[in-house]
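In my numbering, the protein residues as written are 870 to 1039.
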């Protein structure tokens, strides 16, 4: 159930609750309220969980990129050693191996930078979505509370008038 639906259920529960004859308090079953609170807790963290998953994906992308980069570096180093030992022109082999190593390092850095940028974008989107949902829930909750306060004031005013009427009739 969505967060706003749960808040609407809470509002409905309060609106439909029995009123005590004295004091204007409401009678609401504790279990029902606690069930709604549990459901609210389960409804809110979805975006937070999504953000955590995005962070984990970012970390995995970074680990994969580092592993891939390390593999490229090791492959380049192995290739460099092979070229040095097999070729007659040692200087040419060293030069080419160094180029391969630099290319591998540049590709590894670029892969890590790309993974970091992608993860940051996903995290930013999830954080914005979570903030927007929380703002909407807060606005809705404030509206519900204001309506409840108005209802309570109306009931209290009616009780005051009834009390004054009773006192005047005595």
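We put the CB at the ideal spot given by N, CA and C, even for glycine.
Item: The alpha helix (DSSP H) enclosing residue 884, as first and last residue numbers; Value: 872-885
Item: C-alpha distance - residue 983 paired with residue 929, whole-angstrom precision; Value: 13 Å
Item: 8 Å Cβ cutoff met for residue 994 and residue 970; Value: no
Item: Inter-residue Cα distance where the pair is residue 939 and residue 916; Value: 34 Å
Item: N-terminal and C-terminal residue of the alpha helix (DSSP H) that residue 899 is part of; Value: 899-912
Item: Beta-carbon spacing of residue 988, residue 922 below 8 Å; Value: no
Item: Rounded C-alpha distance that separates residue 920 from residue 1021; Value: 40 Å
Item: Residue 932 versus residue 978 - alpha carbon distance; Value: 12 Å
Item: Beta carbon of residue 1013 nearer than 8 Å to that of residue 876; Value: yes
Item: Buried or exposed by the 16-neighbour rule on C-beta atoms within 10 Å, applied to residue 911; Value: exposed
Item: Neighbour-count burial assignment, residue 949, 16 or more Cβ in a 10 Å radius; Value: buried
Item: Residue 883 vs residue 1017 beta-carbon contact at 8 Å; Value: yes
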